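Some notes on the structure that comes next.
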Amino acid sequence: PAARSTILAADAGEAIPEPEEPAPVVNLINGWAADASKPCYGLPGAISPLGFFDPLGFTKDAELLKVKRFREAEIMHGRVAMMATVGYLIGENTPTMAYGF
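Mapping the sequence shown onto the working numbering, position 24 (from 1) lands on 17, and the numbers just tick up by one.
Here you go:
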């Protein structure tokens, strides 16, 4: 065991052990905890034939908050693209009164 520092009590003259520092709190996000040793801080999403895929190196030296921002932007753009696809399909399959038809 590591040696613990002590504090002398002024009135009793006895050694009181110094309180230990609490363990760092790791916030889990849907079962994921950031791991700086892995690419993209270990965010899930690597696919089997390619593994981690970042050909342009956007996340090479990025901080955790920047990587999270990239992921949120990717999810948001994907949602907008899905809504646009549904809107296009509905617009093409709905009869309208355009051009006198």
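A virtual CB, placed ideally from N, CA and C, is assigned to each residue, including glycine. It should be emphasised that the depicted structure is a prediction, and the values quoted were computed from it without experimental measurement.
Using the C-alpha atoms, what's the distance from Asp28 back to Leu57?
On the sequence shown, residue 57 is found 64 positions in, with the first residue counted as 1. On the sequence shown, residue 28 is found 35 positions in, with the first residue counted as 1. A straight-line Cα-Cα distance of about 10 Å links Leu57 and Asp28.
Answer with buried or exposed for Leu36, where buried requires no fewer than 16 other C-beta atoms within 10 angstroms of its C-beta.
By one-based count along the sequence shown, residue 36 stands at place 43. Per the 10 Å Cβ criterion, buried.
If Tyr34 sits next to Val60, beta carbons under 8 Å apart, how far is it from one beta carbon to the other, in whole angstroms?
Here residue 34 is taken as the residue at index 41 of the sequence shown, counted from 1. Here residue 60 is taken as the residue at index 67 of the sequence shown, counted from 1. Their Cβ separation, rounded to whole angstroms, is 6 Å, which keeps Tyr34 and Val60 in contact under 8 Å.
Looking only at its own chain, which residues have a Cβ that is under 6 Å from the Cβ of Ala39, when we skip the five neighbours before and after it?
Counting from 1 along the sequence shown, the entry for residue 39 is found at position 46. Result list for Ala39: Phe45, in chain order.
Looking at the strands, I want to know which residues DSSP matches up with Ile83.
Within the sequence shown, the letter at position 90 stands for residue 83. None; Ile83 has no bridge partner.
Within a Cβ cutoff of 7 Å, which residues of the same chain sit near Pro88, ignoring the five residues on either side of it in sequence?
To locate residue 88, count along the sequence shown from 1; it is residue 95. Closer than 7 Å at the Cβ level, and outside the excluded window around Pro88, lies no residue.
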